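>
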């Protein structure tokens, strides 16, 4: 295993050098050729996917997992569309910024360059294979992909299409390598091959990400939790507050940018909470509140300390009545996972304070936390969301897979 | 020790929140007050520094180390000047970039924010205490500083001035904490307190940095080596080539941005190498070359494989004659520490290729590697140089001690 993984690493490093120099046209050609291969081999993809589904059924996987695993023709079409969209994005590699003359006569600027080799570890959805490969390729990186064992046959089939597409475009096939073993030791190797891999991106459940963060010796771009807060301030517009609080919780439940805790100023709670309770009841959202919340909403369950620390990913919401913005920010400081927080207010000064003082990867005013997303932010696509502070923070798109080096242009200058 | 360090960590985290919100005027006032304190207490600084010098002499430290340790009045003046310069730099905190409307109606941008708590570990020069404190303070971060044991009394004296300055400016004194024990276990704690410290910056010799990188569980901003290359291309202007090759090697020997290996195209080597050899001889630089180099330069020592891997930090230079830019970049690829490389050429296409294809923190055309420096690049000051790819690359100034969070401004938008 060690030998196999080191070989993938060495090949990725070589391929990374080649793809870092490839021009945009060639990278876009590869993306379009991969799309073409998926189209041509849709029957093959379907047949291989059926193998995975059969194994999963035999192993008694639940309906939700089976659904995630299935490569319907709509999902294949979405992968093809995704490839075309990434081909249409501007190429970040080689962008030069802030080039300016210094008193010595040299010109100094920064050039955007690929990171090198990206290792991506993900769970059952096979479409991640295409999304990840497309973003790495476009940003000039080689990648080593490790999908879930449940989608082994599907991922290998997709990998074959990627390889073919790269070859037609004249790029080394090792630019995208999909690990072709389900041996878990491969992951342990991947996340400790510092000589070959520049960054690890884990995508999946919290336990996967925790394990990888703990064991990796390579930098990891990740988020563990999305305990997102909405704070409805005393000066909030009631209509906006209700619309956003409903949307942030109920638009989708199982996503990291859903609101998990609602904070509300005590001055406005008697007006807003009953309105909200009605809306949540319509959608069968279970409410767990502080004492004051429970006094304003019938059928509210008393929240425990654990509730404030929980990412439900379900139709459950914790609610706390707070004195003011300071109490709200203190709560956020204590319990937030630094993913996304939003204030609802018409107060200019409080909005400015919230933006400056809340230390999360996305901080919003009068908008639903559900907007914390690479597509909504205009990144074109995202490989994940980072709640870490270094390098990339928030949704990570093509730029997050690159770095900046300094460039200096001179006419023979020497240091005095 | 663990208890003491955790207490520093907790205090730093609290102070970090306060300093992240402080406005520029207050931070600049603190910097100016610290300068004032250094001025007022120059006799005290001198007396404490004498204690360190006496211990060092008793321990038989060499003259170079004693020199580094000494706080001459010129050096105190330089620290004061440094504080004033940092006060004069633009405040990076709160800068908003790329704020633009999205189709949904939300406005998305990025705000520059402090990292939080920075741990800095450094060796004998006591002036680093001031430089590091000033940069962290201005960038809105709290810091925990650990100086070398040889400069213990000097650092504590400087720390007293910093504390006083912070207090006068109305900022928590825990914004800058200097560890007041020489117990080495303190470093082990500092670099593994993930709950309190966001990034570690080690400054000093290679062995210190290697040890810290290996043992830290927190992200480290660092460079290990500066094996910098100059490549003199066949189309180089001979005068520029000679001036830069001499400057890059001989301007200062003990610095990380000095050239350690000269690569030269074989077409131009017979013209340039004898001219260079003469200049180097004047400065008593020992030359170690490949066979071709030795055939062109008398008194050249045959270079070994080890020479290409060595950062001499001394009047020694390794020289290799190469076929062309591809051979030069292949050598750089193999041996460079990814710090700084420069090409000397008048050829437009080769200059563009070198800039794009060489993967180092600074890549130059027709300029001396000695320019790879925060002051020369216009950063105002630098806390160090990073040869890592993630987060900060090249000289690290105020911006390198900050990160970007996303901000979203809306009027009640919800996700459709």
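Residue numbers (this note's numbering), protein chains in the order written: chain Z, 6 to 421; chain U, 6 to 421. Every residue gets a Cβ at the ideal spot worked out from N, C-alpha and C, and that includes glycine. As the structure is a computational prediction, the values presented were derived from the model and not from experiment.
#1: Going by beta-carbon coordinates alone, are residue 423 of chain Z and residue 298 of chain Z separated by less than 8 Å?
#2: Which class does residue 405 of chain U belong to by DSSP, given the choice of helix, strand or coil?
#3: For residue 381 of chain U, would you say it is in contact with chain Z, using Cβ-to-Cβ distances shorter than 8 Å as the test?
#4: For residue 356 of chain U, which residues from the same chain have a beta carbon less than 6 Å from its beta carbon, with the 5 sequence-adjacent residues on both sides left out?
#5: Can you confirm whether residue 270 of chain U, when its beta carbon is compared against all beta carbons of chain B, has any partner nearer than 8 Å?
#6: Apart from the five residues on each side of it in sequence, which residues of its chain come closer than 7 Å, Cβ to Cβ, to residue 42 of chain U?
#7: Any C-beta of chain U within less than 9 Å: which residues of the region 226-256 of chain Z qualify?
#8: What residues in the region 16-30 of chain U bring their beta carbon closer than 8 Å to a beta carbon of chain Z?
#9: Check for me: the alpha helix (DSSP H) holding residue 14 of chain Z runs from which residue to which?
#10: Which one of U:128, U:361, U:212 has the shortest CA to CA distance from residue 414 of chain Z?
#11: Chain Z beta carbons: is any one of them nearer than 8 Å to that of residue 362 of chain U?
#12: Is residue 270 of chain U near residue 352 of chain U, with beta carbons less than 8 Å apart?
#13: Have a look at residue 103 of chain U and residue 109 of chain U and give me their C-alpha separation to the nearest angstrom.
#14: If you count every other CB in all the chains shown that lies within 10 Å of the CB of residue 188 of chain Z, and 16 or more means buried, which is it?
#15: Rounded C-beta distance between residue 333 of chain Z and residue 392 of chain Z? I'm assuming under 8 Å.
#16: Quick check on residue 5 of chain Z: does DSSP put it in helix, strand or coil?
#17: For residue 146 of chain U and residue 183 of chain U, which I take to be in contact (beta-carbon distance under 8 Å), what is that distance rounded to the nearest angstrom?
#18: Within this structure, are the beta carbons of residue 17 of chain Z and residue 179 of chain Z separated by less than 8 Å?
#19: Take residue 199 of chain Z as the anchor and find which of Z:336, Z:291, Z:123, Z:37 has the nearest alpha-carbon.
#20: Where does residue 384 of chain U sit, in a helix, a strand or coil, going by DSSP?
#21: Of all Cβ atoms in chain U, is any one closer than 8 Å to the Cβ of residue 197 of chain Z?
#22: Between Z:185, Z:373, Z:381, which lies nearest to residue 107 of chain U when the distance is taken from Cα to Cα?
#23: Looking only at C-alpha atoms, which of U:407, U:318, U:418, U:308 sits nearest to residue 265 of chain U?
#24: What does the Cβ neighbour count give for residue 365 of chain Z, buried or exposed, with the cut at 16 atoms within 10 Å?
#25: Hey, is residue 149 of chain Z's beta-carbon within less than 8 Å of any beta-carbon in chain U?
#26: From this set, Z:419, Z:209, Z:410, Z:234, which residue's C-alpha is nearest residue 98 of chain Z's C-alpha?
#27: Can you find the residues in the same chain that come closer than 8 Å, C-beta to C-beta, to residue 58 of chain Z, ignoring five residues on each side of it along the sequence?
#28: Which residue spans inside the region 60-128 of chain U form an unbroken beta strand (DSSP E) run of at least 3?
#29: Taking only beta-carbon positions, decide if residue 396 of chain Z is within less than 8 Å of chain U.
#30: If we count the other Cβ atoms within 10 Å of its Cβ and call it buried at 16 or more, is residue 34 of chain U buried or exposed?
#31: Please state if the CB of residue 207 of chain Z and the CB of residue 163 of chain Z are separated by a distance shorter than 8 Å.
#32: Select from U:51, U:65, U:62, U:68 the residue whose C-alpha is nearest the C-alpha of residue 79 of chain U.
#33: Closest to residue 336 of chain U by CA distance: which of U:83, U:176, U:295 is it?
#34: Within 10 angstroms of its Cβ, does residue 238 of chain U collect 16 or more other Cβ (buried), or is it exposed?
#35: If residue 94 of chain U sits next to residue 40 of chain U, beta carbons under 8 Å apart, how far is it from one beta carbon to the other, in whole angstroms?
#36: Quick test of your reading: residue 115 of chain Z and residue 412 of chain Z, contact by CB under 8 Å. State the CB separation rounded to the nearest angstrom.
Quick look at the numbers:
#1: A question about residue 423 of chain Z goes unanswered here, because the residues of chain Z that appear run from 6 up to 421.
#2: If DSSP states are grouped into helix, strand and coil, residue 405 of chain U belongs with the helices.
#3: Contact of residue 381 of chain U with chain Z is assigned, a C-beta pair being separated by under 8 Å.
#4: Here the set comprises 350, 370.
#5: Protein chains Z and U are contained in the structure displayed, whereas chain B is not.
#6: Excluding sequence neighbours, residue 42 of chain U sits near 166, 169, 170.
#7: Closer than 9 Å at the C-beta level to chain U, one finds these residues of the region 226-256 of chain Z: 226, 242, 244, 245, 246, 248, 249, 251, 252, 253, 256.
#8: The region 16-30 of chain U vs chain Z, Cβ under 8 Å: 22, 25, 26.
#9: Residue 14 of chain Z -> alpha helix (DSSP H) spans 7-26.
#10: Looking only at U:128, U:361, U:212, the smallest Cα-Cα distance to residue 414 of chain Z is reached by U:361.
#11: For residue 362 of chain U, the answer is yes, since a Cβ of chain Z falls inside 8 Å of its Cβ.
#12: Annotated as distal: residue 270 of chain U and residue 352 of chain U, with beta-carbon spacing of 8 Å or more.
#13: Here the C-alpha atom of residue 103 of chain U lies approximately 17 Å from the C-alpha atom of residue 109 of chain U.
#14: Per the 10 Å Cβ criterion, exposed.
#15: Taking the Cβ atoms as the reference, residue 333 of chain Z lies roughly 19 Å from residue 392 of chain Z, outside the contact range of under 8 Å.
#16: No answer is possible for residue 5 of chain Z: the residues shown for chain Z start at 6 and end at 421.
#17: Separation of the CB atoms of residue 146 of chain U and residue 183 of chain U is rounded to 15 Å, and the pair is thereby denied contact status at 8 Å.
#18: If you check the CB distance, residue 17 of chain Z and residue 179 of chain Z come in under 8 Å.
#19: Among Z:336, Z:291, Z:123, Z:37, the Cα nearest to that of residue 199 of chain Z is on Z:123.
#20: Residue 384 of chain U: coil per DSSP, three-state reduction.
#21: No, its Cβ sits nowhere closer than 8 Å to a Cβ of chain U.
#22: Closest by C-alpha distance to residue 107 of chain U, out of Z:185, Z:373, Z:381, is Z:381.
#23: Minimum Cα distance to residue 265 of chain U is reached at U:318.
#24: Using a 10 angstroms sphere on the CB of residue 365 of chain Z, the tally of other CB atoms reaches 16 or more, which defines it as buried.
#25: Output row for residue 149 of chain Z: interface = no.
#26: A check of alpha carbon separations from residue 98 of chain Z across Z:419, Z:209, Z:410, Z:234 identifies Z:410 as the nearest.
#27: 71, 74, 75.
#28: Runs of the beta strand (DSSP E) spanning 3 or more residues and lying entirely within the region 60-128 of chain U occur at 101-106, 112-119, 122-127, in chain order.
#29: At least one chain U Cβ lies under 8 Å of residue 396 of chain Z.
#30: Buried, since its Cβ has 16 or more Cβ neighbours within 10 Å.
#31: The Cβ atoms of residue 163 of chain Z and residue 207 of chain Z lie no closer than 8 Å to each other.
#32: For the set U:51, U:65, U:62, U:68, the Cα lying nearest the Cα of residue 79 of chain U is the one of U:51.
#33: It is U:295.
#34: Residue 238 of chain U is classed as buried because its beta carbon has at least 16 other beta carbons within 10 Å across all chains shown.
#35: Incorrect: roughly 14 Å between the Cβ atoms, too far for contact.
#36: Residue 115 of chain Z to residue 412 of chain Z, Cβ: 7 Å. Contact.
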